[in-house]
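First comes the structure, then the notes that go with it.
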Amino acid sequence: MGTGMAKVEIALDAELVVEVMVLAGIGNPRDAVEAVVRDYVARGHRTEERTGEADARLREIDAKPRIEEG
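Start counting the sequence shown at 6; every next residue gets the next number (the numbering used here).
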């Protein structure tokens with residue numbers, strides 16, 4: 006995360022966080038959860054690049070009829 010990025014505070018089940026810390030091999034709870042979230046996002050982007058899912062989703066959104074307001 007770059008400087009100036011908004012931060013979100015959340016509460017997580019302690020057992021879940023400890024499990025993430027052990028699996029990630031990171032002793033700091035915040036760093037461990039952040040590492041897992043970053044990995045999840047990176048994997049999602051790689052999957053989208055391989056499958057073209059992002060492009061397909063964008064085409065689907067563009068193809069939906071728009072409701073004109075006014």
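Backbone N, C-alpha and C fix where the C-beta goes; we use that ideal spot for every residue, glycine too.
From residue i to residue j, what does the alpha carbon distance come to, in whole angstroms?
i, j, result
"Val25", "Glu65", "35 angstroms"
"Arg35", "Arg51", "24 angstroms"
"Ala29", "Arg43", "12 angstroms"
"Glu14", "Val27", "22 angstroms"
"Gly49", "Lys12", "21 angstroms"
What do you reckon, is the C-beta of residue i under 7 angstroms from a heavy atom of the ligand FMN?
i, result
"Tyr45", "In terms of ligand content, the structure shown is empty, and the ligand FMN therefore cannot be addressed."
Please state whether the Cβ-Cβ distance between residue i and residue j is less than 8 angstroms.
i, j, result
"Val38", "Val22", "yes"
"Ala40", "Ile31", "yes"
Under three-state DSSP, which class holds residue i?
i, result
"Glu53", "helix"
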